[in-house]
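K.L.:
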Amino acid sequence: MMLKKYVLACLLACCIVNISAQSDWVEWEENTLEVEDLTYWQEKYEELSELAEHPFNINTITKEQLEQLPFLSDKLIENILYYLYKYGPMVSKNELLGIEGMDWQTRHFLKDFIYIGPADNKKDKLSINRMLKYNKQELITRLDIPLNVKAGYAEYSPEILKEKPNKKYQGNALYHNLRYRFQYRNQVFAGLTAEKDAGEPFFTKYNRKGYDSYTGYLFLQNLGRLKTLALGHYRASFGYGLVMNMGFSMGKSMTLSSMNRKGKGFIKHTSVDEGSYLQGVGATYTLGKRWDLSACYSFREMDGNVEDQFIKSLKTDGYHRLTKDLEKKNSFNNHLIGCNLSYNGKYVEYGLTAVYNHFNKMLNPDYRDYNRYYPRGKNFYNAGVHYKVYMKRFIFSGETAIDKQGAVSTLNMLTYSPDVNTTFTFINRYYDKRYQSLYASSFSENSRLQNEAGIYIGLESSLFSPLKILCYGDFFYFPWKRYQVDRRRTTGVEGVCQLGYSHNNSLSMLVKYSYKHYAKNYTSSNEQKYVLPYIRQRLHYQLSYVPIENTLLKTTVEYIRAGFWKQRMGQGVLVGETLKGEVPAFPIQASLAGAWFYTDNYDSRVYFYEPSVLYAFSMFSFYGKGTRLAVNLKYTYHRWLTIQAKWGWTHYMDRNRISSGTEEIMGSNKADLQFQVRVKW
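In my numbering, the protein residues as written are 1002 to 1682.
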């Protein structure tokens, strides 16, 4: 019955509202997304949203700017720059299709990040008067209102709260953030972000100053030999992430042609993430034509569980809603000093990175078999060498690093591109089980860069003009035990095959199959524990279609099969539909998204992406049986004022309680409401 209502609602929306297609680069993320990389995509979505809101002038664009767009290959970037050099400035975005190797879909993604501007790249001398007169500023505020009462906001007697103080949140259920941005040309950036999570106090109790989190930055670049200067909150990434990486990720689901790009150095911290950033100063200075020297210092108070002056665990979620959260807030501090020296030649690039960390308390998590080689101590330091060599159609790149104990970690990649539309990739990695680096993040199966070896082989190609194929296989080995794996020397394999079709601007299609096989703890019905192979298969289909001008429909079908080998496998199915565009004759953009899902258990959970407000990544996971419906409206007035609202509702057919603990909701329905206002001047 609910399925019939969902289908009827979609059909009515098609009849009542004429929805025009709006360009949506998020489709690229949906096409490449793997559920294991969800955290990475949340960060990448916010980063790309920031770039889309502040596009580049295609006629003055640089290689470094193009490399920030992960769907562009190195060869295509070279062809874009060559086209501008040979034919001069572009006068229309339609010229993008004249670039060798540029297909319709890539053009569809790229046009959201560029605009057609004057070709004169002359930079006037930076002055306060010009900066105050010709700047761009914006103010964004977002408010989330839950429409259900969760257990953490219920009323309890003083006796119960005295006995169980973590039963109730300290603040109200509203989520709120405030963002201010200032930009002058591509040289001066400043910003301030304030955030209050749901459940945190606001101008009361331990948040007398209002918001629970404040971050701000002043970011300067391209000022003579001073390439970058970051003050306040910023991120840093060098090489391929074996020593320091807080600004980019090398997920398996990325396009193969962009995997061999190294870190971008210092970037401004613009998101509401309260864990992954540095606080202090960082600068990059150009020593010569191809030599850059970078250095940074950071001091942060951090959250964690501290017992008897020992740091037992780090807390990075940024929540300060419960009494136990407050006890972990700013419980220790961290000093970081880092530097990088790099050479960027035409055919070869290389560099040296070194990082030193100091905690004021001893990091010493409770011993378990799986965490035997986790970082322990007060002082940590790492050094690494990264390299990249261009050899006609081949690119060899990688990084090798060492820690204070002498443990080695290395990542090496070989890429072969016979033409602009085809890339073969081979990646070998070895991360010693003893290797320790607190701010490292790179290509891996583990969340930590240790205790892993693997071989990755991939192919990405356009067989014909409208047809693209992406296939890869990853074989990995873990010498030591892992979390939820009580056995040494375990192996695993992951494989993906994806076929995409984009004929023109009216039709695009995607079929993706992924298979993953790895070891995991299993407890039998008689409480016996084993380590068995765990298998997860996913089949994903997506169709975007413009049946008539100014109308866009997108259909999503997903099937999941997951479970332990020779045990009962759980299965999950999701069918979703999205309609989006704008109402004719009004400056209103609208989207309607709905899904029906049915899964056997949590392991066979399914995922569904739906449009949301700016900078909010809405990828939901569902298990059980139910439906999801969301409506998103966006009103723009004279380009300086944008008001957006989103309403979402989830109905479960197999339960009368949703979630558990302080997040528990009594009933089978869950609804939420989001508002966002943006002012630009």
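Every residue, glycine too, gets a C-beta built ideally from N, C-alpha and C.
Return the chain-ordered list of same chain residues with a C-beta closer than 7 Å to the C-beta of Asn-1522, the five sequence neighbours on each side being excluded.
P.N.:
Once the five neighbours on either side are set aside, the close Cβ partners of Asn-1522 are Gln-1485, Val-1486, Asp-1487, Lys-1530, Val-1532.
K.L.:
Quick one, which of Ala-1591, Asn-1452, Leu-1049, Leu-1288 has its alpha-carbon nearest Arg-1435's?
P.N.:
Closest by alpha carbon: Asn-1452.
K.L.:
What does Pro-1071 pair with, by DSSP beta-bridge criteria?
P.N.:
DSSP lists no partner for Pro-1071.
K.L.:
In three-state DSSP terms, what is Trp-1648?
P.N.:
The answer is strand: DSSP assigns Trp-1648 an E or B state.
K.L.:
For Ile-1268, report the span of its beta strand (DSSP E) as first-last.
P.N.:
1266-1269 is the span of the beta strand (DSSP E), which, as asked, contains Ile-1268.
K.L.:
For Gly-1662, which three-state DSSP category applies?
P.N.:
In the structure shown, Gly-1662 sits in a helix (DSSP, three-state: H, G or I).
K.L.:
Tell me the rounded alpha-carbon separation between Pro-1119 and Tyr-1084.
P.N.:
Straight-line Cα distance between these residues: approximately 16 Å.
K.L.:
Return the bridge partner residues of Asp-1475 from the DSSP annotation.
P.N.:
Per DSSP, Tyr-1457, Glu-1495.
K.L.:
How would you write the range of the alpha helix (DSSP H) that Gln-1138 sits in, first residue to last?
P.N.:
Element bounds for Gln-1138: not the alpha helix (DSSP H) but the beta strand (DSSP E), 1137-1147.
K.L.:
Can you check DSSP and say which residues form a bridge with Ile-1396?
P.N.:
Tyr-1391, Thr-1416, per the DSSP bridge assignment.
K.L.:
With three or more C-beta pairs closer than 8 Å as the rule, is the stretch 1417-1434 touching the stretch 1276-1284?
P.N.:
Verdict: no, contact absent.
K.L.:
What number of angstroms, rounded off, separates the C-alpha of Ile-1059 from the C-alpha of Met-1091?
P.N.:
So the alpha carbons of these two residues sit roughly 8 Å apart.
K.L.:
State the Cα-Cα distance for the pair Phe-1476 and Ile-1561, rounded to the nearest angstrom.
P.N.:
Each residue's alpha carbon lies about 21 Å from the other.
K.L.:
Restricting to Cα atoms, I'd like to know which of Asn-1223, Asn-1187, Ser-1622, His-1177 is closest to Ala-1284.
P.N.:
Nearest option by C-alpha distance: Asn-1223.
K.L.:
Could you name the residues of the same chain whose beta carbon sits closer than 6 Å to that of Asn-1380, not counting the 5 residues immediately before and after it, in chain order?
P.N.:
Result list for Asn-1380: His-1359, in chain order.
K.L.:
Taking the alpha helix (DSSP H) that Gln-1106 falls in, what are its first and last residues?
P.N.:
Where Gln-1106 is concerned, the enclosing alpha helix (DSSP H) stretches over 1105-1111.
K.L.:
On the DSSP bridge list, what partners appear for Thr-1628?
P.N.:
BP columns for Thr-1628 point to Trp-1597, His-1652.
K.L.:
Would you kindly work out how many angstroms separate the C-alpha atoms of Tyr-1432 and Glu-1079, rounded to a whole number?
P.N.:
So the alpha carbons of these two residues sit roughly 33 Å apart.
K.L.:
Assign Pro-1202 to one of two classes, buried (16 or more other C-beta atoms within 10 Å of its C-beta) or exposed (fewer than that).
P.N.:
Burial call: buried.
K.L.:
Could you name the residues that DSSP lists as bridge partners for Asn-1358?
P.N.:
Partner(s): Leu-1337, Phe-1381.
K.L.:
Could you check whether Ile-1268 and Tyr-1235 sit closer than 8 Å to each other, using their CB atoms as the reference points?
P.N.:
Contact flag set, yes.
K.L.:
According to the Cβ coordinates, are Lys-1482 and Tyr-1371 closer than 8 Å?
P.N.:
Cβ atoms of Lys-1482 and Tyr-1371: closer than 8 Å.
K.L.:
Is Thr-1317 buried or exposed, if buried means 16 or more other CB atoms sit within 10 Å of its CB?
P.N.:
Exposed, because fewer than 16 other Cβ atoms sit within 10 Å of the Cβ of Thr-1317.
K.L.:
Thinking C-beta only, is Lys-1313 closer than 8 Å to Tyr-1321?
P.N.:
Checking the sequence, you will find His at residue 1321 rather than Tyr. Cβ atoms of His-1321 and Lys-1313: not closer than 8 Å.
K.L.:
Whether or not the stretch 1547-1558 and the stretch 1567-1584 are in contact is what I'm after, with contact meaning three or more pairs of Cβ atoms, one per stretch, closer than 8 Å; do they touch?
P.N.:
They touch, by the three-pair rule.
K.L.:
What separation, rounded to the nearest whole angstrom, lies between the Cα atoms of Ile-1161 and Ala-1199?
P.N.:
So the two alpha carbons sit approximately 22 Å from each other.
K.L.:
Give the range of the beta strand (DSSP E) segment to which Met-1510 is assigned.
P.N.:
Note, Met-1510: beta strand (DSSP E), 1508-1524.
K.L.:
Does DSSP put Ile-1683 in a helix, in a strand, or in coil?
P.N.:
Nothing about residue 1683 can be read from this structure; the chain reaches only from 1002 to 1682.
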